[in-house]
C-alpha cells in the first residue's frame, strides 16, 4: 500500500459533473489543473496543503 500523502487537491467541473483529483507536488497540481482547463472544465482550482485556494488566474504566480 502506497503511503504517499496527497498534498494538493485539483478540482473543476464540466457539463457531466465535478472532478476532484489529488496530486503530491506543486508541478503535478499545476499540470493537471491546466489539462482540465484545456479540456473545457470551468471553476478549476487548486487547494494547497495550507488550505489556500488558487483560481485559474492565479496559477502563473503560484509557480516556483
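In UniProt numbering, the protein residues as written are 1 to 64. Note that the Cβ used here is the ideal one computed from N, Cα and C, for glycine as well. Please read these numbers as outputs of a predicted model, since none were measured by experiment.
Unbroken beta strand (DSSP E) run spanning residue i, endpoints
i: residue 14; result: 8 to 14
i: residue 52; result: Here residue 52 belongs to no beta strand (DSSP E), and DSSP marks it neither H nor E.
Cβ neighbours of residue i in the same chain (closer than 8 Å, five flanking residues each side left out)
i: residue 19; result: 11, 12, 13, 36 and 41
i: residue 30; result: 46, 59, 62 and 63
Boundaries of the alpha helix (DSSP H) in which residue i is found, first to last residue
i: residue 35; result: 26 to 38
Same chain, Cβ closer than 6 Å to residue i, five either side skipped, listed in chain order
i: residue 73; result: Examination of residue 73 is not possible in this model, given that the chain is present from 1 through 64 alone.
i: residue 53; result: 45 and 47
For residue i, the three-state DSSP class (helix, strand or coil)
i: residue 1; result: With a pLDDT of only 47 at residue 1, under the threshold of 50, the placement of this residue in the model should not be trusted, and no figure is reported.
Which residues DSSP lists as bridging residue i, in chain order
i: residue 44; result: Looking at the DSSP assignment, residue 44 forms no beta bridge with any residue, so it has no partner.
Neighbourhood of residue i by C-beta distance below 7 Å, restricted to the same chain and skipping five residues each side
i: residue 61; result: none
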